[in-house]
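Peer 1: Structure incoming, see below.
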Amino acid sequence: MAKPNLNNLMIHTLLQLIIAFTQFPTSSLAESSNKNEPFVGVNIGTDVSNLLAPSEIVLFLKKQKITHIRIYDANPDILGALSGSNISVTISVPNNQLLGIGSSNTTALSWIRKNVVAYYPKTLIAGISVGDEVLTTVPSSAPLLLPALESLYTALVASKLENSIKISTPHSASIIQEPFPPSQAFFNQSLSSIILPLLQFLSRTGSPLMLNLYPYYVFMQNKDLVPLEYSLFKPLKSSKEMVDPNTLLHYTNVYDAMIDAAYFSMKNFNITDVVILVTETGWPSEGDSKEPYATKENADTYNSNLIKHVFDRSGTPLHPETTSSVYIYELFNEDLRSEPVSEANWGLFYGNATPSYLLRVSGVGGFLANDSANQTYCVAMDGVDGKTLQAALDWACGPGRANCSDIQPGETCFEPNNVKNHASYAFDSYYHNQGKATESCDFKGVAMITTTDPSHGSCIFPGSKQLINNTKQVVNSTQSSNAGEKLSFMAFKSTQICASNNILYISLVAAFPFVFLFIL
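All residue numbers in the sequence shown are consecutive under this note's numbering, ending with 593.
What follows is the structure in structure tokens.
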């Protein structure tokens, strides 16, 4: 027998190792190290006219740095398009499939093989949501819920995927009674015989309690009791904070109170090891005459503050050590939805992939403008009291070194002579002086970024002046890049900041504490 060629053997072995390595999911190490860190994902509904093709949706998600999504079925085209994308997806079992899966282990195993095993691990399926608000929307199917969960979990065990893919069922917040104060909350007693076994299943399998939480509806139903600021994560005076009389915990927003109400409700059943995953939350950007608080500004404020809140990793008053991950409802406006008007306007983007509004996520994210010129402006938000705006205006025109000459008496932007108009001009000047850095349009939460030109009459805002000047120059590389990447309208950035940026940031804070105290 001829001796094997050692060089060829080594090359062959090396090639086999390379092939094996490339077939191993590239995100597995990252997933392992980051799996316990909170994330912000998006729900993707499909009641959208002219919805992007699955491959285009995945490209769009990657452009926006969106790494976690949830879909309302197990669409094979979307799951196929996600292959190799490193985007984590939670798939769903629709309510109308509960009967078949809950009554047959064979059907459950077939479902797992068809919708999970066929794609995993190249498609990073992270979870399965079984049904949607079954206990409150289709209570007749409630007895099927636990059998369906058990059957699907058994199928995951048979496929050796039970440690990689979590399974649960989303609930409406209405299953919790008397949610404030949170310490007195409890699950609807008429559902106890169903909820307790469900919680015991979640505890046994290490799965989360999935909840759909909407502070928007809490506010709309309790406007006389719940301040709008409390629903939008806006700063509150200490006198306005909600205090739980039993625990003396202070609540600065509805969202945290709703999460802690769920934790207290579980504790009543002696369940203390189940974490909460918020499968839906958001705020509509448009509504009818009966929905006056469904506005772009409120939607922007809620979702921007929500993202900051999650990435602050501050948890809740009851559990500051645990921050719930969340899926924003939703990625696209579902314009095919029926009335009320708000139903079609929960999306961060329109169906054509242009943003409904620009999120303000200073320090944890960024964006690109929704026009080819990448033109954005920084203006004062509505509803801010005059003293706060005046303080911000004084800082911008003073230490901030904004060019405020045009808002002096007799100049082109002096009228209308009010603090909001003058502050908007000063904010925009500072924002453009800082290169349109996201964090430079914050001013302690009283400023917002917009793509609407605030110029009026003979008053040309600094951003528009800059645009006019730029037309006389060679287009810079950033503008060229934006023109070539039409889908890059907004980006959620990773919360991990490179070491050099951290060092620069810390050095600047140490050197100029007063400046950073105001603008960050």
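Even for Gly, the Cβ is constructed at its ideal location relative to N, Cα and C. If you're wondering where the values come from, they're calculated on a predicted model, not measured in any experiment.
I need the boundaries of the alpha helix (DSSP H) containing residue 381, first residue and last residue.
Peer 2: In the sequence shown, the residue the question calls residue 381 occupies position 308. Looking at the DSSP string, the run of the alpha helix (DSSP H) that includes residue 381 is 369-385.
Peer 1: Assign residue 126 to one of two classes, buried (16 or more other C-beta atoms within 10 Å of its C-beta) or exposed (fewer than that).
Peer 2: Here residue 126 corresponds to residue number 53 of the sequence shown, with the count starting at 1. Burial call: exposed.
Peer 1: Fully enclosed by the region 155-190, which beta strand (DSSP E) runs are 3 residues long or longer?
Peer 2: Counting only runs of 3 or more, we get 161-166.
Peer 1: Check residue 565 in the structure and name its three-state DSSP category.
Peer 2: Translated into the one-based positions of the sequence shown, residue 565 becomes position 492. Residue confidence for residue 565 is low, a pLDDT of 34 falling below 50, so the modelled location carries little weight; the figure read from the coordinates is stated next. Three-state DSSP puts residue 565 in coil, outside helix and strand.
Peer 1: With a 10 Å radius around its C-beta and 16 neighbouring C-beta atoms as the bar for buried, classify residue 612 as buried or exposed.
Peer 2: The question about residue 612 has no answer here: the residues shown for the chain are numbered 74 through 593.
Peer 1: Could you tell me if residue 389 is buried or exposed, where buried requires 16 or more neighbouring beta carbons within 10 angstroms of its beta carbon?
Peer 2: Sequence index remark: in the sequence shown, residue 389 carries index 316 (1-based). Buried is the call here.
Peer 1: Distance, Cα to Cα, residue 194 vs residue 281?
Peer 2: Within the sequence shown, residue 194 is the residue found at index 121, counting from 1. Within the sequence shown, residue 281 is the residue found at index 208, counting from 1. If you take the alpha carbons of residue 194 and residue 281, they lie about 21 Å apart.
Peer 1: Thinking C-beta only, is residue 184 closer than 8 Å to residue 198?
Peer 2: As a working mapping, residue 198 is identified with position 125 in the sequence shown. As a working mapping, residue 184 is identified with position 111 in the sequence shown. Result no, Cβ atoms of residue 198 and residue 184 do not sit closer than 8 Å.
Peer 1: By DSSP's criteria, residue 115 is part of a beta bridge. Which residues make up the other side?
Peer 2: In the sequence shown, counting from the first residue as 1, residue 115 sits at position 42. Paired residue(s): 142 and 401.
Peer 1: DSSP on residue 463, reduced to helix/strand/coil?
Peer 2: Residue mapping note: residue 463 aligns to position 390 of the sequence shown, counting from 1. Residue 463: helix per DSSP, three-state reduction.
Peer 1: Please work out which residues of its chain come closer than 8 Å, Cβ to Cβ, to residue 462, disregarding the five sequence neighbours upstream and downstream, and give them in chain order.
Peer 2: Taking the first residue of the sequence shown as position 1, residue 462 is located at position 389. So the list reads 453, 492, 493, 496 and 519, once near-sequence residues are dropped.
Peer 1: Does DSSP put residue 508 in a helix, in a strand, or in coil?
Peer 2: What you label residue 508 is simply residue 435 of the sequence shown in a count that begins at 1. Correct three-state label for residue 508: coil.
Peer 1: Count the other CB atoms within 10 Å of the CB of residue 569; is the residue buried (16 or more) or exposed (fewer)?
Peer 2: The residue you call residue 569 lines up with position 496 of the sequence shown. Its pLDDT being 36, under 50, residue 569 is placed unreliably in this model, and the value from its coordinates should be taken loosely. Flag for residue 569 reads exposed.
Peer 1: Hey, residue 202 and residue 354: beta-carbon distance below 8 Å or not?
Peer 2: If you number the sequence shown from 1, residue 202 lands on position 129. If you number the sequence shown from 1, residue 354 lands on position 281. It is not a contact, given that the beta carbons lie outside the stated cut-off.
Peer 1: With DSSP as the reference, label residue 587 as helix, strand or coil.
Peer 2: One-based indexing of the sequence shown puts residue 587 at position 514. In this prediction, residue 587 has a pLDDT of 36, which is less than 50 and means its spatial position is unreliable; nothing more can be read from the coordinates.
Peer 1: Confirm, please, whether the CB-CB distance from residue 368 to residue 358 is below 8 Å.
Peer 2: Along the sequence shown, read from residue 1 onward, the residue named residue 358 stands at position 285. Along the sequence shown, read from residue 1 onward, the residue named residue 368 stands at position 295. Cβ atoms of residue 358 and residue 368: closer than 8 Å.
Peer 1: Which complete alpha helix (DSSP H) runs does the region 282-327 hold, if anything under 4 residues is left out?
Peer 2: The qualifying runs are 288-294 and 301-304.
Peer 1: Quick one: measure Cβ to Cβ for residue 172 and residue 424, integer angstroms, because I've assumed they're closer than 8 Å.
Peer 2: Position 99 of the sequence shown, counting from 1, holds the residue named residue 172. Position 351 of the sequence shown, counting from 1, holds the residue named residue 424. Not a contact, Cβ separation roughly 33 Å.
Peer 1: So, using beta-carbon positions, are residue 319 and residue 254 closer together than 8 Å?
Peer 2: Taking the first residue of the sequence shown as position 1, residue 319 is located at position 246. Taking the first residue of the sequence shown as position 1, residue 254 is located at position 181. Taking 8 Å as the Cβ cut-off, residue 319 and residue 254 qualify as a contacting pair.
Peer 1: So, helix, strand or coil for residue 392, using DSSP?
Peer 2: As a working mapping, residue 392 is identified with position 319 in the sequence shown. Residue 392 falls in the coil class under three-state DSSP.
Peer 1: Does the region 144-154 come close enough to the region 127-135 to have 3 or more Cβ pairs within less than 8 Å?
Peer 2: With a cut-off of 8 Å, the region 127-135 and the region 144-154 count as touching, because enough Cβ pairs lie within range.
Peer 1: Just the Cα atoms here: how many angstroms apart are residue 279 and residue 234?
Peer 2: Your numbering for residue 279 matches position 206 in the sequence shown. Your numbering for residue 234 matches position 161 in the sequence shown. Going from the Cα of residue 279 to the Cα of residue 234 covers about 13 Å.
Peer 1: Opposite residue 200 in the DSSP bridges: which residues?
Peer 2: Stepping through the sequence shown from its first residue, residue 200 is reached at position 127. The partner list for residue 200 (beta bridge, DSSP) reads 163 and 239.
Peer 1: Please list, in chain order, all residues of the same chain as residue 160 whose beta carbon is under 8 Å from its beta carbon, the five residues on each side excluded.
Peer 2: Within the sequence shown, residue 160 is the residue found at index 87, counting from 1. 131, 134, 135, 139, 140, 141, 142 and 197.
Peer 1: If I follow the unbroken beta strand (DSSP E) through residue 349, where does it start and stop?
Peer 2: Counting from one through the sequence shown, the residue named residue 349 turns up at place 276. Its beta strand (DSSP E) spans residues 349-354.
Peer 1: Starting from residue 523, trace the beta strand (DSSP E) in both directions and tell me its first and last residue.
Peer 2: Locating residue 523 in the sequence shown gives position 450, where the first residue counts as 1. Element bounds for residue 523: 520-523.
Peer 1: Residue 502: which of 538, 481 and 485 sits nearest, CA to CA?
Peer 2: The residue labelled residue 502 in the question sits at position 429 within the sequence shown. Nearest option by C-alpha distance: 538.
Peer 1: CB-CB under 7 Å to residue 342, same chain, minus the five flanking residues each way: which ones, in chain order?
Peer 2: The count along the sequence shown starts at 1 and reaches residue 342 at position 269. If we look at residue 342 and ignore the five residues flanking it on each side, its Cβ neighbours are 269 and 272.
Peer 1: With DSSP as the reference, label residue 457 as helix, strand or coil.
Peer 2: Along the sequence shown, one-based indexing puts residue 457 at 384. In the structure shown, residue 457 sits in coil (DSSP, three-state: anything other than H, G, I, E or B).
Peer 1: How many angstroms separate the CA atom of residue 118 from the CA atom of residue 163?
Peer 2: Taking the first residue of the sequence shown as 1, we reach residue 118 at position 45. Taking the first residue of the sequence shown as 1, we reach residue 163 at position 90. Taking the straight line from one Cα to the other gives about 13 Å.
Peer 1: How should residue 311 be labelled, buried or exposed, when 16 other C-beta atoms within 10 angstroms of its C-beta is the threshold for buried?
Peer 2: Within the sequence shown, residue 311 is the residue found at index 238, counting from 1. Exposed.
Peer 1: In angstroms, rounded to a whole number, what distance separates the CA positions of residue 456 and residue 302?
Peer 2: Reading the sequence shown from its first residue, position 383 is the one you call residue 456. Reading the sequence shown from its first residue, position 229 is the one you call residue 302. Distance between the alpha carbons of residue 456 and residue 302 is about 10 Å.
Peer 1: For a minimum of 4 consecutive residues, which ranges assigned as the alpha helix (DSSP H) are wholly contained in the region 201-273?
Peer 2: Complete alpha helix (DSSP H) runs here, min 4: 207-210 and 215-231.
Peer 1: Using 8 Å as the Cβ pair cut-off and three pairs as the minimum, do the region 206-222 and the region 232-250 touch?
Peer 2: As far as the Cβ criterion goes, the region 206-222 touches the region 232-250, which means the pair count is three or higher.
Peer 1: Nearest-angstrom Cα distance between residue 420 and residue 399?
Peer 2: Indexing the sequence shown from 1 puts residue 420 at position 347. Indexing the sequence shown from 1 puts residue 399 at position 326. In a straight line, the C-alpha of residue 420 is about 15 Å away from that of residue 399.
Peer 1: Per DSSP, which residues does residue 532 bridge with? Please list them.
Peer 2: Counting from 1 along the sequence shown, the entry for residue 532 is found at position 459. DSSP, once it has assigned bridges, lists 529 as partnering residue 532.
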